[in-house]
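Undergrad: The following block contains the structure, expressed as structure tokens.
Number of protein chains: 2
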Amino acid sequence: MNFRKLKVFTTVCDCGSMSGAAKKLYMTQPAVSQAILELEEELDVHLFDRINKKLLLTYPGEVLLEYARRIHVLVEEAQSTMKDIANMNTGKLRIGASTTIGTYLLPEIIRSFGQKYKNIDIPFAIDNTGAIEKMLLENSIDIGLVEGPIHSKDIIVKPYMDDELFIICSKNHPWAARKRIGPGTISDQNIIIREQGSGTREVFENTMSKHNIPYSIKHVLNNTEAIKKAVEANIGVSVVSEIAIKEEIKSGRLVKINFEGVRFLRKFNIIYHKDKYHSKLFEEFLGHLCSGNF
Amino acid sequence: MNFRKLKVFTTVCDCGSMSGAAKKLYMTQPAVSQAILELEEELDVHLFDRINKKLLLTYPGEVLLEYARRIHVLVEEAQSTMKDIANMNTGKLRIGASTTIGTYLLPEIIRSFGQKYKNIDIPFAIDNTGAIEKMLLENSIDIGLVEGPIHSKDIIVKPYMDDELFIICSKNHPWAARKRIGPGTISDQNIIIREQGSGTREVFENTMSKHNIPYSIKHVLNNTEAIKKAVEANIGVSVVSEIAIKEEIKSGRLVKINFEGVRFLRKFNIIYHKDKYHSKLFEEFLGHLCSGNF
DNA sequence: TAGTAAAATAATATGATATTATTAAATATA
DNA sequence: TATATTTAATAATATCATATTATTTTACTA
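Line order of the protein sequences matches chains A and Z.
The opening position of the first sequence corresponds to residue 1 in the working numbering, with each subsequent residue numbered one higher.
The opening position of the second sequence corresponds to residue 1 in the working numbering, with each subsequent residue numbered one higher.
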């Protein structure tokens, strides 16, 4: 018993004759007769009575026909669904992003991609870079967007976009009115910054030590929004990605400071497992990221 | 895509490896690899990622697995049901019977057969012999039990049992006390009898005219039970099959009369279409009828 | 650095499933 | 009543799907 024989069987039932079914299936009549015979021998039942020249289903024939139709419907549905997946009419792509990207970039990326490809499910996880890397290695996400460095050699890292961190202060802070600020001045300030392990903090500390600028940290907050509010309230100054403060800079609630001769630069990266098969959907998402149309 | 490839696919998913699946399916690893490859090419999707040496389902792979499992369950169920039918653990046999047989014999036949073969569905129809013959020709029943003659040459007729009709009267009727009754005496009686077309009436009239016995009919009832009640009430005498009056004779409410030199004999027949396939169940039912174990 | 295990690849063998040709049986048609 | 016509069964053979064997590649392990 296989799908082919069941298809022949249902067609014979529909046509009421072997030769009719043969014509419909573009095969010869003996092939049809043989398929039915094989079914009957294999299942040890008679499927048809031939009364008055017509083929009439026996009881086991009727029962088998019911099953054959149900099986056929399922198979058709499976094929149609797979076709939809192949054509990207449906699908799933699991994204992971580190905190800053996940908070300030990913929502719009997913929204615009979802607009282009309806019925695509895009579950996403937001965590620090190390956790996102681990998820990739465990195959619990397909693509990652991270700000920090990747250690596994099994992961392919592609530059996504450049990011810059800026020192920020309140509009009421003395710095807000000044044009040129020497980096050494920061030693007098109350510095608010993200926790250890944060990519933002890592870039800040590395850059500061590279330039031998002394500083001391006053407040540690594991939440960029909380930091922004604290800075707005003039509790201190901080350093954050430019993508996190677009609104506040525009409205003037926060002020971006350029230290003379010091820039906090880093790259956002796209990461995926080297063994990952690049489905059409996968490639489309990468293309969407690089197009920047969002 | 066919059952074989889906089975290979689900086994690979269960085992987590191609060679493991090969072992489980008693085939070689290349055969498994090839089946998976063919599935992927045919459906135009990748089913597995090979990350960290392990085979991991892709999204389309997960979707296909769902369908494959559901299809597999249905196929198994179909095969198991057909096996049940082949072994007569389940089945269906459609019986037709003419009125007298259907009323007085069939219930016990079906009850005892059903006791021997549980889960066998035995729908039955009761009508006159001509209607039962027509049902056989239309294949709306499988086996008929009739008292009248069959006209179609496409129907096989096998004698089932001999039947005899008897003149009956009430225990209060003058005949009840007499031993010998000449058939001519009936011309004085109020005769109650079944309608035209009834097998019982046909045998009665044929036999009477064969012996040139004059008679006149007073009451016509299309229901043997009604006739028996009327005779019990001494409204008249009638003629009925011996199988219809066992209880009443035993209890003495009715009395069987033997006309000297006249017997109303007929045969009950088993009928079925000459082209009908004789399934095991069919043969078992015929055997049950002939065994008389009920 | 060799050894082991899993999977891919290629060549070939086997088995399932076609086709062609023919026969048989039943109907329809002249 | 004889003669096409239709339908299905049967047998011989051809073709295609799917198996095996042998080999290579790759990654992991001792």
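Yeah, the Cβ is synthetic: ideal placement off N, Cα and C, and Gly gets one too.
All values reported here derive from a predicted model rather than from experimental measurement.
Just the C-alpha distance for residue 229 of chain A and residue 168 of chain A, rounded to the nearest angstrom, thanks.
TA: Cα to Cα, residue 229 of chain A sits roughly 11 angstroms from residue 168 of chain A.
Undergrad: I'd like to know whether the C-beta of residue 65 of chain Z is nearer than 8 angstroms to at least one C-beta of chain A.
TA: no
Undergrad: When the Cβ atoms of the stretch 255-262 of chain Z are set against those of the stretch 162-181 of chain Z, are three or more pairs found closer than 8 angstroms?
TA: Between the stretch 255-262 of chain Z and the stretch 162-181 of chain Z, the count of C-beta pairs closer than 8 angstroms reaches three or more; the two stretches touch.
Undergrad: The alpha helix (DSSP H) spanning residue 251 of chain A covers which residue range?
TA: Taken as a continuous stretch (DSSP letters only), the alpha helix (DSSP H) holding residue 251 of chain A covers 246-251.
Undergrad: What residues from the stretch 125-149 of chain Z come within 7 angstroms of chain A, judged by C-beta to C-beta, listed N to C?
TA: 139
Undergrad: Comparing C-alpha positions only, which one of Z:284, Z:291, Z:289 sits nearest to residue 92 of chain Z?
TA: Z:284
Undergrad: Please list the residues of the stretch 51-81 of chain Z that have a C-beta atom closer than 9 angstroms to any C-beta atom in chain A, keeping them in chain order.
TA: 51, 52, 54, 56, 58, 59, 60, 62, 63, 64, 66, 67, 68, 70, 71, 74, 75, 77, 78, 79, 81
Undergrad: Taking DSSP as the reference, what is the three-state secondary structure of residue 161 of chain A?
TA: strand
Undergrad: Under 8 angstroms by Cβ, that's how I've got residue 108 of chain Z and residue 164 of chain Z pegged, so tell me the actual separation to the nearest angstrom.
TA: Contact flag wrong, Cβ pair sits at about 19 angstroms.
Undergrad: Between the Cα of residue 10 of chain A and the Cα atoms of A:279, A:69, A:19, A:30, which residue gives the shortest distance?
TA: A:69
Undergrad: Just the C-alpha distance for residue 131 of chain A and residue 244 of chain A, rounded to the nearest angstrom, thanks.
TA: Residue 244 of chain A has its alpha-carbon roughly 21 angstroms from the corresponding atom of residue 131 of chain A.
Undergrad: Can you tell me the Cα-Cα spacing of residue 231 of chain A and residue 237 of chain A, whole angstroms?
TA: 6 angstroms
Undergrad: Just verifying my parser: in three-state terms, what is the DSSP assignment at residue 209 of chain Z?
TA: helix
Undergrad: Considering only the alpha carbon of each residue, which of Z:134, Z:162, Z:159, Z:158 lies closest to residue 152 of chain Z?
TA: Z:134
Undergrad: Could you check which residue in Z:75, Z:94, Z:60 has the C-alpha nearest to that of residue 90 of chain A?
TA: Z:60
Undergrad: For residue 203 of chain Z and residue 264 of chain Z, which I take to be in contact (beta-carbon distance under 8 angstroms), what is that distance rounded to the nearest angstrom?
TA: Correct: roughly 6 angstroms between the Cβ atoms.
Undergrad: Are the stretch 43-61 of chain A and the stretch 137-151 of chain Z touching by the rule of at least three beta carbon pairs closer than 8 angstroms?
TA: yes
Undergrad: Compare the Cα-Cα distances from residue 98 of chain A to each of A:78, A:34, A:217, A:146 and report the closest residue.
TA: A:146
Undergrad: Within 10 angstroms of the Cβ of residue 26 of chain Z, are there 16 or more other Cβ atoms? Answer buried if so, exposed if not.
TA: Taking every protein chain shown into account, the CB of residue 26 of chain Z has fewer than 16 other CB atoms within 10 angstroms, so this residue is exposed.
Undergrad: Does any C-beta atom of chain A lie closer than 8 angstroms to the C-beta of residue 165 of chain Z?
TA: no
Undergrad: Kindly indicate which three-state DSSP category residue 192 of chain A falls into: helix, strand or coil?
TA: Strand, per DSSP.
Undergrad: Excluding sequence positions up to five away, which residues of its chain have a Cβ less than 7 angstroms from the Cβ of residue 84 of chain A?
TA: 90
Undergrad: Rounded to the nearest angstrom, how far is the Cβ of residue 40 of chain A from that of residue 46 of chain A, given a contact under 8 angstroms?
TA: So it is a contact: roughly 6 angstroms between Cβ atoms.
Undergrad: Does residue 277 of chain Z come within less than 8 angstroms of chain A when only Cβ atoms are used?
TA: yes
Undergrad: Helix or strand or just coil, what does DSSP make of residue 14 of chain Z?
TA: helix
Undergrad: Below 8 angstroms on the Cβ atoms is my guess for residue 82 of chain A versus residue 43 of chain Z; work out the distance and round it to an integer in Å.
TA: 4 angstroms
Undergrad: Name the chain Z residues that come within less than 7 angstroms of residue 300 of chain A, Cβ to Cβ?
TA: The structure shown has nothing for residue 300 of chain A, since chain A only spans 1 to 294.
Undergrad: With DSSP as the reference, please indicate the residues paired to residue 49 of chain Z in a beta bridge.
TA: Z:56.
Undergrad: So for residue 84 of chain A, helix, strand or coil by DSSP?
TA: helix
Undergrad: How many Å lie between residue 240 of chain A and residue 266 of chain A at the Cα?
TA: Answer to the nearest angstrom: the Cα atoms are 12 angstroms apart.
Undergrad: Using a beta-carbon distance below 8 angstroms, is residue 18 of chain Z in contact with chain A?
TA: no
Undergrad: Would residue 85 of chain A pass as an interface residue toward chain Z - the criterion being a Cβ-Cβ separation below 8 angstroms?
TA: At least one chain Z Cβ lies under 8 angstroms of residue 85 of chain A.
Undergrad: Examine the Cβ distances between the stretch 206-218 of chain A and the stretch 185-193 of chain A and report whether three or more of them are shorter than 8 angstroms.
TA: Yes: the two stretches touch, three or more of their Cβ pairs being nearer than 8 angstroms.
Undergrad: Have a look at Z:114, Z:72, Z:76 and flag the residue whose alpha-carbon is nearest the alpha-carbon of residue 88 of chain Z.
TA: Z:114
Undergrad: On the CB-based measure, 16 or more other CB atoms within 10 Å of its CB, does residue 212 of chain Z come out buried or exposed?
TA: exposed
Undergrad: Output the boundary residues of the beta strand (DSSP E) element that contains residue 117 of chain A.
TA: Looking at the DSSP string, residue 117 of chain A is not in any beta strand (DSSP E), and its letter there is neither H nor E.
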